[in-house]
Amino acid sequence: MTDILALNNVSKTYKLGQPNQISVLDKVNLKVRKGEVVGLIAPSGAGKSTLLHIAGLLDNPDDGQIKINNVDHTNLHDRKRTKTRRQDIGFIYQFHHLLPEFTAIENLILPQLADGVKTSNAMHRAMELLVSVNLENRAYHRPAELSGGEQQRVAFCRAMVNSPKLLLADEPTGNLDPDTAMHVFKLLMQLVRKTGMSALIATHNYELSKLMDRQVALQKGQLVEV
Ligand code: ADP
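Heads up, the sequence shown is in our numbering, so the first residue is 49 and it goes up one at a time.
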């Protein structure tokens with residue numbers, strides 16, 4: 049089966065001046081196959097943001113290789129890495145990071161225009177996604193006029209608007225109360241399953257992690273199957 053993401057022997061150390069070195073990732077290996085949803089379980093400070101940033105081509109490892117869709121991106125030119133990031137990878141964070149001065153639908157249209165999609169097509173796609181998370185009645189609301197769960201549902205749609213192959217999510221429901229988190233997370237999983245995309249989702253929440261295909265845990269710089 050095709051690997052959408054492969055990390056091979058990825059290492060990262062933060063150097064704060066000798067001898068204060070923090071080895072966050074130590075020869076980490078991870079494969080996420082096409083259509084697979086993998087949970088990344090790690091206590092705070094264990095290095096999950098570092099791992100997600102490296103997997104999402106936002107940071108470089110000291111050592112090792114990152115393949116996206118079977119293409120080695122480790123030493124690719126910045127322009128190519130940016131293109132892959134824009135077209136093939138969707139990001140979701142704990143906080144929505146929507147543009148506050150734009151409405152929900154505009155937040156979904158803008159990344160498509162940046163990718164060269166025609167305005168009418170972009171509007172259609174944006175509304176289709178809002179319908180899929182039951183937010184068609186909030187399309188013309190700004191983020192400040194939405195609840196936390198609604199903001200996060202728009203952020204999910206934005207991550208998917210350019211149909212990425214890989215979704216990287218860092219505690220996507222970590223900022224919500226437990227009932228809303230479960231409801232919103234199930235919507236996210238429905239979207240992911242419907243599109244067949246692959247996902248690596250960091251969470252502390254054991255109940256949520258059970259909805260994924262498998263889990264890996266980050267312990268002392270190493271990834272272990274749970
Ligand atoms: P998590 O997302 O699991 O909370 P991080 O990946 O953010 O963990 O950080 C892992 C460890 O590396 C922490 O001890 C953190 O303090 C340290 N760290 C993260 N970023 C930097 C940096 N830019 N410089 C130095 N240390 C860092």
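We treat Cβ as the ideally placed atom computed from N, Cα and C, and that holds for glycine.
In terms of CA proximity to residue 149, 193 leads the group 161, 193 and 139.
At least one heavy atom of ligand 1 lies closer than 6 Å to the C-beta of residue 96. Short note on residue 72: C-beta closer than 6 Å to some heavy atom of ligand 1. In the DSSP secondary-structure assignment, residue 96 is not bridged to any residue.
Inclusion of residue 59 and residue 74 in the CB contact set at 7 Å is warranted, their separation being smaller than that value.
With fewer than 16 other CB atoms across the displayed protein chains lying within 10 angstroms of its CB, residue 268 is exposed. Note that the C-beta distance between residue 95 and residue 271 is not below 7 Å. Excluding five sequence positions before and after residue 264, the CB atoms of its chain that fall closer than 8 Å to its own CB belong to 78, 86, 87, 88, 89, 271, 272, 273 and 274, given in chain order. For residue 142, there is no enclosing alpha helix (DSSP H), as DSSP marks it with neither H nor E. Between ligand 1 and residue 141, a heavy atom-to-CB distance of less than 6 Å is absent. Taken atom to atom, the span from the alpha-carbon of residue 56 to that of residue 188 is near 44 Å.
Burial of residue 200 is indicated by the presence of at least 16 other C-beta atoms within 10 angstroms of its C-beta.
When DSSP reads this structure, residue 61 sits in a beta bridge with 71. Between residue 208 and residue 138, the gap from beta carbon to beta carbon is short of 7 Å.
Annotation for residue 93 indicates a beta carbon within 6 Å of some heavy atom of ligand 1.
By DSSP's assignment, residue 160 forms no beta bridge with any residue.
Residue 273 sits in a strand when the DSSP states are folded into three classes.
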